[in-house]
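These notes concern the structure reproduced below.
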Amino acid sequence: MSSSKPRIEEELDLAVKEPRPYMVLLLNDDFSTWDFVVEVLVRVFRKTRDDADKITYHVHHNGQGVCGIYPFEIAQTKVQQVHELAKSRGYPLRCVMREV
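Here the sequence shown stands for residues 1 to 100, where the numbers follow UniProt numbering.
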């Protein structure tokens, strides 16, 4: 009886792809209040008050700003959470996701 291990003739090349990142962008509007936008950034995106103020300032002056970069499903959930929170408070605040 042979004590050698079975020989693997062919190795499978399994490439594991990292999920593609998506950035979530907050869009400026003329109706959502500064305090509400900051609250969204703190609650939905877990930003500090200081970071939320900086992002809000950027959105206000540039029309949009990055809230974070996430895998597809998380980015999609964040967008939905922002829209639901804005709707529940009567604000038109919108955000979008874009592949990085």
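We put the beta carbon where it would ideally sit given N, CA and C, even for glycine.
What span of residues does the alpha helix (DSSP H) with residue i cover, start to end?
i: L85; result: F72 to R89
i: L26; result: Run containing L26: none in the alpha helix (DSSP H); it sits in the beta strand (DSSP E), P21 to L27.
i: E39; result: W34 to R43
i: T56; result: R49 to N62
Can you give the Cα-Cα distance for residue i and residue j, rounded to whole angstroms?
i: residue 106; j: V96; result: The shown model of the chain, from 1 to 100, leaves out residue 106, and the question about it has no answer.
i: V79; j: V16; result: 27 Å
i: F31; j: Q76; result: 24 Å
i: R98; j: V24; result: 7 Å
i: V100; j: R89; result: 30 Å
i: N62; j: Y91; result: 19 Å
i: L14; j: H60; result: 46 Å
i: Y22; j: I74; result: 9 Å
Using CA coordinates, which residue listed in the options is at the minimum distance from residue i?
i: Q64; options: S88, W34 and D29; result: D29
i: R43; options: E18, A86 and G90; result: A86
i: H58; options: P71, W34 and P19; result: W34
i: H83; options: P71, P21, F72 and F36; result: F36
Give me, in chain order, the residues of the same chain whose beta-carbon lies closer than 6 Å to that of residue i; leave out the 5 immediate sequence neighbours on both sides.
i: K47; result: L41
i: R94; result: L27
i: C67; result: V24, L26 and F45
i: P19; result: P71
Return the first residue and the last residue of the beta strand (DSSP E) that residue i is part of.
i: R98; result: R94 to E99
In chain order, what residues of the same chain lie with their CB nearer than 8 Å to the CB of residue i, ignoring the 5 residues before and after it?
i: V38; result: R49, A52, D53 and T56
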